[in-house]
Amino acid sequence: MAEDEIIKRYLRVNELASKYGVGGQEIEFGLRIVERYQPPVARQHGLVLDRWKAKDHNRALAELHFMLIAMDAVYRGLKLTAGIAKGEAAAQVKSVDWAVYNDARNHFEHVDDRLYGSKKNAPEPIVDQQGNNRTIEFGLKAGPPQRFEFGTKSIDISESFLARQQEYVDRVLAAL
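For what it's worth, my numbering labels the leading residue of the sequence shown as 7, then goes sequentially.
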């Protein structure tokens with residue numbers, strides 16, 4: 007980080023800490039998470055689409071998983087910072103429900119819970135293209151918009167999704 011960026015950050019954190027009557031550590035931590043993980047969201051999104059276009063679907067799914075991990079970190083950083091700020095920032099955090107994206111991340115990470123006969127997080131069975139009931143079903147679906155489908159749910163992973171996600175982050179940060 008360049009010296010002028012460090013000074014800007016220091017001034018911004020002190021401004022927010024004074025405005026909300028809190029110590030700067032919590033605000034610094036939340037902002038640092040957002041700054042650290044938002045660039046990987048965009049990078050991973052690009053890798054997902056590149057791998058998908060190259061018909062390397064397994065790699066596209068792996069890149070998508072990492073994008074969802076970064077998105078979750080960004081959301082948590084925004085929620086932490088906006089929770090301190092309250093008011094408009096907290097309202098902006100709640101303005102979009104990202105829960106289905108968290109569900110998609112969990113689908114990658116807890117696949118063992120979705121195996122047939124699992125009682126822990128037993129999913130609703132779905133019918134695959136051959137008419138068989140399945141509990142594990144996921145894949146990339148061409149659009150518009152391009153989607154990742156998992157179980158009975160799906161998320162938008164198109165270019166417009168990435169623009170909306172970045173606008174959301176910018177809107178929350180501007181409300182601080």
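Note that beta-carbon positions come from the ideal geometry of N, C-alpha and C, so glycine has one too.
Alpha carbon of N112 to alpha carbon of K159, nearest angstrom: 12 Å
Alpha carbon to alpha carbon, what distance is there between K59 and F114? 21 Å
Looking at F245: is its Cβ nearer than 8 Å to the Cβ of E155? Any property of residue 245 remains undetermined from this structure, which presents the chain solely from 7 to 182.
Cβ shell of A110 (< 7 Å), same chain only, five flanking positions each side left out: L74, F154, F156 and I161
Identify whether S24 lies in helix, strand or coil by the three-state DSSP scheme. helix
Please give the ranges of any beta strand (DSSP E) in the segment 155 to 182, keeping only runs that are unbroken, at least 3 residues long and fully inside the region. 159 to 162
Just grab the DSSP bridge partners of R153 for me. K147 and D162
Which same chain residues, not among the five before or five after A181, have their C-beta less than 7 Å away from its C-beta? E94, A95 and Q98
Where Y107 falls, given that 16 or more other Cβ within 10 Å makes a residue buried: buried
Can you round the beta-carbon distance between L86 and E69 to whole angstroms, since I take them to be within the 8 Å contact cut? Contact flag wrong, Cβ pair sits at about 26 Å.
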